[in-house]
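Residue numbers (our numbering): 43 to 208. Okay, so here's the structure we're looking at.
Spelled out as structure tokens, the structure:
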């Protein structure tokens, strides 16, 4: 059965279980598809007063093809110019005084973009969620994206939390 789009007979079309990497009309790329990868926070990580990698992640089951590098990194599965890195991290402040929690992202251990806005967590087990969005990041297959966190006093980071590259 022929496939037509207007007056064009597409030379390529895809059917099957694999996630397509792009949509073509003939030989014309009409929609590149970038499969997002992600990881979800698991367990507890103590956030210190210096930026450091947040440990304790598992593959996001809603993002097929996601893979981890150790317990701190998300491995990029497909290169992209202008990718977006988003993250969210829940924190608990076991101290008496209020403390802040702030996030930043790295690609292959180099900081990308600006740090996110610091969120204040009240003392006596106060909680809060810090968020981060970095746009315009160029990533290649095999690059490792990590989330780093810093606190004005020791905090505990737990689920829910996530990192995504899209």
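Note that CB positions come from ideal geometry on N, CA and C, so glycine has one too. All values reported here derive from a predicted model rather than from experimental measurement.
Judged by DSSP in its simplified three-state form, residue 160 adopts coil rather than helix or strand. The C-beta distance from residue 144 to residue 160 rounds to 4 angstroms, short enough to fall under 8 angstroms. Taken atom to atom, the span from the alpha-carbon of residue 157 to that of residue 146 is near 4 angstroms.
By the CB criterion at 7 angstroms, residue 126 and residue 177 fall inside the cutoff.
Rounded to whole angstroms, the separation of the alpha carbons of residue 89 and residue 163 is 13 angstroms.
Per DSSP, residue 113 lies in no beta strand (DSSP E) and is assigned neither H nor E. As DSSP reads the structure, residue 173 sits in a beta bridge with 130. Assignment of beta-bridge partners to residue 206 by DSSP yields 80 and 128.
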